[in-house]
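Trainee: Residue numbers (the numbering used here): 2 to 208. Even glycine gets a Cβ: it sits at the ideal position worked out from N, Cα and C. Please read these numbers as outputs of a predicted model, since none were measured by experiment. Okay, here's the structure, questions in a sec.
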Amino acid sequence: MTMTLLDIMRTSAVIPVIAIDDPDHAVPLARALVAGGIRVLEVTLRTKHGLAAIRAMSAVEGAIVGVGTLTKPEEFAAARDAGAVFGVSPGLTAALIAAAKSSGLPLLPGVMTPSEVMAAREQGFQQLKLFPAVPAGGVGMLSAIGGPLPDVTFCPTGGISQETASQFLALKNVACVGGSWLTPKDAIAAGNWDRITELAKAASGLR
Ligand SMILES: O=C(O)C(=O)C[C@H](O)[C@H](O)COP(=O)(O)O
């Protein structure tokens, strides 16, 4: 059965934002996160290995793999073909809206102001990423937006940590949070998969 974006957002409390520097890290990293209860994985296109990593991680049992850092329309079909089942962008443009529709890839677009929330909603997007969440105003801003715009659900990302995530997750209009703290670069480089599983377990326990 195909999962909706909301189903995906409600699967785990935290969506790890992943950047793969070495393609050999993709599968063990995905296995380590899934072993810790974190199944939804956002693999960014920040490195040249992004698409190959999406392909490899999609084959890991239990993993639900999406593509992150979508900033250009041509990236949508390529990510979908590599196996991504959802996409995340830091912002939203007319070209990205068209690419999301033509590729069929469910998109979680980034917004940072009430006007951007309203413009995205007019285009049919009711699940949004607040980015960058903490610099934009964090918990106070999301709670204030929930007053006039209660029908939008957020995945705040940017500046959130294990220590602060629960404040975001307690909000009615937050389904999950995103962050890079589950995948520290030093742990990945050292192949310390047990540490990643521990971080994932702690994050899954947030909800
Ligand atoms: O790459 C993207 O597409 C982004 O939108 C940026 C990431 O979501 C943030 O960099 C994660 O934030 P941190 O947890 O503060 O590291």
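Ordered along the chain, which non-local residues of its own chain (more than five positions away) have a Cβ less than 7 angstroms from that of MET85?
Mentor: Checking the displayed sequence, the identity of residue 85 turns out to be Ala instead of Met. So the qualifying residues of the chain are ILE55, VAL66, GLY67, VAL68, LEU106.
Trainee: Check for me: the alpha helix (DSSP H) holding GLY139 runs from which residue to which?
Mentor: Following the DSSP letters along the chain, one finds GLY139 inside the alpha helix (DSSP H) bounded by residues 139-146.
Trainee: Among ALA99, THR94, ILE16, which has the Cα closest to the Cα of ALA78?
Mentor: ALA99
Trainee: Any heavy atom of ligand 1 closer than 7 angstroms to the beta-carbon of ARG47?
Mentor: Distances between the C-beta of ARG47 and the heavy atoms of ligand 1 include at least one below 7 angstroms.
Trainee: Is ILE146 near PRO185, with beta carbons less than 8 angstroms apart?
Mentor: No. Outside cutoff.
Trainee: Taking the DSSP output, what are the residues bridged to THR45?
Mentor: GLY69
Trainee: Write down every uninterrupted run of the alpha helix (DSSP H) in the region 112-182 whose length is 4 residues or greater and which is fully enclosed by it, in chain order.
Mentor: 115-123, 134-137, 139-146, 166-170
Trainee: At a cut-off of 7 angstroms, is THR165 close to ligand 1 when judged by its beta-carbon and the heavy atoms of the ligand?
Mentor: No, since every heavy atom of ligand 1 falls outside the 7 angstroms radius drawn around the Cβ of THR165.
Trainee: If you draw a straight line from the C-alpha of TRP194 to the C-alpha of PHE87, how long is it?
Mentor: 25 angstroms
Trainee: Looking at ligand 1, does it come within less than 7 angstroms of VAL89, judged from the CB to the closest heavy atom?
Mentor: yes
Trainee: I'd like to confirm something about SER181: is its beta-carbon nearer than 7 angstroms to some heavy atom of ligand 1, or not?
Mentor: yes
Trainee: By Cβ distance, which residues of its chain are closer than 6 angstroms to VAL41, with the 5 residues on each side in sequence left out?
Mentor: Result list for VAL41: ILE9, THR12, SER13, ILE16, ILE65, in chain order.
Trainee: Between the C-alpha atoms of LEU170 and VAL178, what's the straight-line distance to the nearest angstrom?
Mentor: Between LEU170 and VAL178, the C-alpha separation is close to 7 angstroms.
Trainee: Cβ of VAL41 within 7 angstroms of any heavy atom in ligand 3?
Mentor: This structure lacks ligand 3; the ligands present are ligand 1.
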